[in-house]
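Report on one structure; see the data block that follows.
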Amino acid sequence: MSKYSSMAPTERLPEWLRRPIGDASALERVQGLVKQNRLHTICEEGRCPNRGECYAAGTATFLLGGSICTRSCAFCQVEKGQAPMAVDPAEAQRVADAVEAMQLRYVVLTAVARDDLADHGATLFTTTMAAIRARNPLIAIEVLTPDFWGGVPDRNQAMAAQRERLATVLAAEPVCFNHNLETVQRLQGEVRRGATYERSLGLLAASRELAPHIPTKSGLMLGLGESRDEVIAAMRDLRAVDCQRLTLGQYLRPSLAHIPVDRYWTPQEFDELGAVAHELGFAQVRSGPLVRSSYHAAD
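Going by the working numbering, 153 is the number at position 146 of the sequence shown; the sequence numbering is gapless.
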């Protein structure tokens, strides 16, 4: 049982977080195609509130590497485990089949953390990108990756391995490289088990160094106990590594087994933080209670 299971919600969901399901026909069609192709999407696995809207707009986020993650982050709905299933060699072609059937124009590829694999899942991204482009080379593909960290005990060797895995993904030329910081520095240990603030910033910095023509993007969840000053400090740290795009959204507790919501930030507060982000130099900012990493990604 999770240590959070006894922590009942302390606030009712505000009205601004209650939204209709959206385009029900698009939602049903995409869910059918995903099930038919035995795929996973973070839209469904993470119970994203925007999935009907995104599906109708021709955007979806596919979850590669199966449905079991080797990390146990306190906020995430995706199933955790240390013995994920073997990599499915046909997964890339099935994703390409679904992208073609859904007539998507913009695809986001993400993956569960696969610390059990030698390349930590880097080639999951590249093989899927190649399969999609073999059908339609004009489809834009954004990647949202884990940190690719680990596998060797020496820190310098681990950094070199992380950089090599990152370079593999960037060589496939995604239109955007996304890696989420998720929360402020003080809360990293509680929220992101197995990841660190410094490693994530280092990954984003390395991406700018290795492929300066590919924009970088990151996201923060609010409502985990952070202060406004801490959020701004995290935004400054992201700009210090030349991150160009930012998403800010409200954390919503997926179940009683996950870390509770500390508070719900208001739409006005999100607008104010979005304005600060623009002042700090982010080229693109999406800030709002229902914003998620891939929200309006095609824009």
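Just so you know, even glycine gets a beta-carbon here, dropped at the ideal spot from N, CA and C.
To which residues of the same chain is residue i closer than 6 Å at the C-beta, ignoring the five residues directly before and after it?
i	result
Thr254	Gly226, Arg293, Val298, Ser300
Gly295	Phe277
Ala212	Val248
Leu210	Asp154, His186
For the candidate residues the options, whose alpha-carbon lies nearest to that of residue i?
i	options	result
Gly281	Ala137, Ile239, Gln100, Leu259	Ile239
Ile221	Glu197, Val182, Gly196, Asp244	Val182
Gly39	Trp23, Ala97, Ala108	Ala108
Arg19	Tyr113, Arg243, His285, Tyr271	Tyr271
Pro144	Gly128, Glu60, Gln110	Gln110
Ala241	Glu180, Arg193, Ala179, Gln164	Arg193
Val248	Ser207, Ala168, Ala165	Ser207
Leu177	Ser262, Ala264, Leu151, Gly158	Leu151
Arg142	Val283, Ala99, Pro267	Ala99
Asp122	Arg172, Gly196, Trp23, Val198	Arg172
List the whole-angstrom C-beta distance separating residue i from residue j, where the pair is believed to meet the contact cut-off of C-beta under 8 Å.
i	j	result
Leu231	Asp269	6 Å
Ser214	Thr223	5 Å
Leu70	Thr117	6 Å
Glu149	Thr190	Between Thr190 and Glu149 the Cβ distance is about 22 Å, and since that is not below 8 Å, they are no contact.
Tyr113	Ala147	5 Å
Arg246	Gly288	6 Å
I'd like the list of long-range same chain contacts for residue i, defined as Cβ closer than 8 Å, with 5 residues on each side in sequence excluded.
i	result
Thr130	Thr175
Met8	Residue placement at Met8 is flagged as unreliable, the pLDDT there being 49, under the threshold of 50; the coordinate-derived value follows with that caveat. Ala264, listed in sequence order.
Val283	Ile239, Met242
Does the separation of the CB atoms of residue i and residue j fall below 8 Å?
i	j	result
Gly256	Met228	yes
Gly72	Val94	yes
Ile139	Val106	yes
His127	Pro160	no
Do we get a CB-CB distance below 8 Å when we pair residue i with the residues of chain B?
i	result
Met109	The chain inventory of the structure shown lacks chain B, comprising one protein chain alone.
Give every residue of the same chain whose Cβ lies closer than 7 Å to the Cβ of residue i, excluding the five residues on either side of it in the sequence, and list them in chain order.
i	result
Leu46	Phe69, Arg101, Val102, Ala105
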